[in-house]
Amino acid sequence: MERVLLLYILVVTLTANCHSQVVEWSNDERLQLWSRGEFNLDLSENNEYFDLLPFRRLGPVSRVRNSILRHQQSPNCDSNGFCLDQIRGGSQSVENNKEIESKIEELGGRFGADFLVAVERNKRDHEEDCKKSCELYYCVTANTPLVPVEDILGPTTIKSYSMGPVPPEDFADSFGYPLDNIKVTETKPLFSAAEATSVIEKAENEGVDKNEFKSGKYQLAGDWLQNLPETRAWFNQQLETIFFPLLAHLFPEIISSPSVIRAHSVSLLKYNASHPRTDVHIDNGILAMTLAMTPSAQYTGGGTYFEHMGVENILPMDVGHATLRPGSVRHGGHRVKEGDRYVLGAFLLLEDRVEHVRRLKNRGSELRRVPDLDGASKHFEWALALNPMCTTCLKDWAEILHTQKKFAEAEEKIRAALHLLEYKDSDALFTLGVLLSEQGRDDESIQAYQQSVEINAEDAELCYNLGVKLGAKGLVKEEMQMYAKATKANPKFGGAWLNWGTVLAESGNIDDAELMFLKALQCEQEVASKAMMNLGLIYITQGNALAQGGNLEGAMKAALSAAKYIDQGKAMLDQVASYNKADSMILKFIGQYRPLRLKAYQLLGQLHAGQGNMAKCEAEFRAATKSFPEDIMAWKLLQRILQVQGKTEELKSSFMTVPSQQRAPTRLAIMSQEKTEHILKHANDCVHGVCAFDEVSELVAMLRGHQKELSVWVEAVKKITKALEKVKEEDGQTKFEKPFELSSAFSS
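This is how it looks when you write it as structure tokens:
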């Protein structure tokens, strides 16, 4: 609102003191104002002060300027230095095709035959796309007269908004400043709510709401109009009576006649709580249009925004209204929270103008996916030679260089794009953050991520990455805030749920950690499997705490849940590993299965014993030996319960069942003075450096499991610890595996 008020005051002031005020404003100041403002379209024939034209922005539909463009007259500069053809391309734009061909010829000498072949392919593809467009959508005949703009709009008005600091990717020289090329209809709708409702009913009868497809990070509902013949028939009528004539008036810099406009890709999209929004993106055409097909009262949230204006600055557009703009301006749809919102979107081509920059860039993206990174880089280089301000080309090229580990070159490209965009591109800032992170420049990386979040806090991956970085800095509160933003933006972003739960668990908040891991169960299989393992550890921790508090029933419930989730998680992890064997994180979680499951067996057995049910305790520990026959811990548990029950023969038999290499340390686990002394002897030997390291590892593993049985446990562990510290000083590293901890289990 402040920007609108500023412009209003400026116009009033200039009206009172027109000539003196106009002279005082420099061209740079005007451009700075225009690039941030919004402007009402004025169709008045009589402008009291011609000098006010650039400020009031009658723009490309002004009677004066339109007349000059249509009749190919050469404008003259007035006494105040205002030249109409310098505002937005003006009459110079009609020569643009010749200038492009001249530029292509020059670049052919520089880049060689491959470049010229790519250009010729652009022309063929463009011709083919235009031909297909006329097979599906309305095309104007060459002799159709230009309809007066008043007859098209009637009482409908148009407001113009800046598209930011960078002109469209193609024909950039045709678009002079101010770049107020986003046009939004206001006041009276172009078509009624009743008409829109009728169109949606036809589309739903044609199955539009049954179809869905992927768009960036989000799943969208809707379909292409080529699959919706009745809806397409209505749209073609609108092209003929409203939109093609209106577009010719709004963008005379590049549209020579309504007969050259081609509706290339047209879709009807449905947004709701399950298909809430789109990524911030650009459209695949020199021009694009969006029609609002649902009354705003029928949904909550939603709305189109343009990134350079700020994510909260939603353009008002109720049913029957339209936005018409260059395709290369970055925009997105806000999340729809309730109800259904239908939007019809169309990408437009111009039959007499080939978009060489866009087509070279798109082919570069295709080659990148092959992957042919060298070929892709060439296409981005060619596109930039045609338009050095193609920021998407710079960003895509930077990502290739990043893949090739050419960090300095990648950073140079991405910073060049950000400079052109005045650092108002969340994706470019995200890429910069990744580049800086991989170079170990964490403080700079965090700064880039934070700038990106300020522009677009709806990017789940961005918020997640920033959360990880903040966590590495020990900023736990800020880390969790980022995970909250990530999961709000995308409730299926499992990594954020996992890490959020991990932070809570490691800070001692087990109950809230449980909730986060339960949320992660609703995500993809890989995330769900990790969440199950983490829940297993959570329930073991809860079970131990409940048992210590005397709540054996609650502890038993927690222990059973732990066993269930650990087993289910292992099965899912094995499935994931079968088609993703190289994933070290998956292998790490699989590696946690044995120690976790043994803890569950131990807890369940101890709880049965605590309830006086030794038979169930024995059954639990026998199950542990069957699951892990090579593990000392499992046999040790079984031998202890057999000893407690006085089952001497079975106890002796168990010694013979243990693998031979593990029998000696397992026998040491039997409680007796002789065995205790043996442990102490080994500990003393280790202190003096005369024991093998494998023996120390076995003793440590055994002692951990027998804290309650061995009265000398504390003394023995102290001695072994000293031995380990001594060897660590000699070798520079510890050779036995670190005990299983929360931090090693929860991470994503």
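Taking mature numbering (1 follows the signal peptide of the UniProt record, and there is no 0), I'd label the letters of the sequence shown as residues -20 to -1, 1 to 728. Even for Gly, the Cβ is constructed at its ideal location relative to N, Cα and C.
- A residue is called buried when at least 16 other Cβ atoms come within 10 angstroms of its Cβ; residue 274 meets this threshold and is buried.
- For residue 297, the three-state secondary structure derived from DSSP is coil.
- Here residue 473 is not near residue 464, since their CB atoms are 7 angstroms or more apart.
- Runs of beta strand (DSSP E) with 3 or more residues, each lying fully within the region 326 to 356, are absent.
- For residue 383 and residue 353, the gap between their C-alpha atoms comes out near 9 angstroms.
- In the three-state reduction of the DSSP assignment, residue 314 falls in the coil class.
- Boundaries of the alpha helix (DSSP H) harbouring residue 113: 93 to 116, taken from the DSSP string.
- By DSSP's assignment, residue 261 forms a beta bridge with 311.
- Between residue 344 and residue 360, the CB-CB gap stays under 7 angstroms.
- Excluding sequence positions up to five before and after residue 582, its CB lies within less than 7 angstroms of the CB of 617, all in the same chain and listed in chain order.
- For residue 210, the three-state secondary structure derived from DSSP is helix.
- When the Cα atoms are used, residue 504 and residue 251 turn out to be separated by approximately 22 angstroms.
- Contact between the region 159 to 170 and the region 295 to 311 is present: three or more C-beta pairs spanning the two stretches fall below 8 angstroms.
- When DSSP states are grouped into helix, strand and coil, residue 186 belongs to the coil group.
- Only buried fits residue 541, as 16 or more other CB atoms lie within 10 angstroms of its CB.
- In terms of CA proximity to residue 418, 386 leads the group 399, 386 and 397.
- Apart from the 5 residues on each side of it in sequence, residue 127 sits with its Cβ closer than 6 angstroms to the Cβ of 225 in its chain, given in chain order.
- Around the beta carbon of residue 148, 16 or more other beta carbons sit within 10 angstroms, so the residue counts as buried.
- According to the DSSP assignment, residue 283 belongs to no alpha helix (DSSP H), since it is labelled neither H nor E.
- Residues of the same chain with a CB within less than 8 angstroms of the CB of residue 87, apart from the 5 flanking positions on each side, are 95, 362, 365 and 366 in chain order.
- Residue 487 sits away from residue 553, with the two beta carbons spaced by 7 angstroms or more.
- Straight through space, the alpha carbons of residue 507 and residue 457 are spaced by roughly 23 angstroms.
- Judged by DSSP in its simplified three-state form, residue 166 adopts strand.
- Per DSSP, the unbroken alpha helix (DSSP H) holding residue 411 starts and ends at 406 to 418.
- Taken through DSSP and simplified to helix, strand or coil, residue 142 comes out as coil.
- The way I'd put it, the region 208 to 215 doesn't touch the region 334 to 348; fewer than three beta-carbon pairs between them come closer than 8 angstroms.
- For residue 471, DSSP assigns no beta-bridge partner whatsoever.
- If the five residues before and after residue 186 are omitted, its C-beta is found closer than 7 angstroms to the C-beta atoms of 208, 210 and 211, all from its own chain and listed in chain order.
- Judged by pairs of C-beta atoms under 8 angstroms, the region 428 to 441 touches the region 399 to 417, as three or more such pairs exist.
- Taking the C-beta atoms as reference points, residue 462 is found nearer than 7 angstroms to residue 443.
- Here residue 321 carries a strand assignment [DSSP, helix/strand/coil].
- Between residue 590 and residue 532, the CB-CB gap stays under 7 angstroms.
- With a contact defined as Cβ atoms closer than 8 angstroms, residue 319 and residue 270 miss out at about 18 angstroms.
- Taking all protein chains shown into account, residue 146 has 16 or more neighbouring C-beta atoms within 10 Å of its C-beta and is therefore buried.
- Residue 446 and residue 430 do touch by the CB rule: their CB atoms are close to 7 angstroms apart, below 8 angstroms.
- The secondary-structure analysis by DSSP pairs residue 250 across a beta bridge with 201 and 322.
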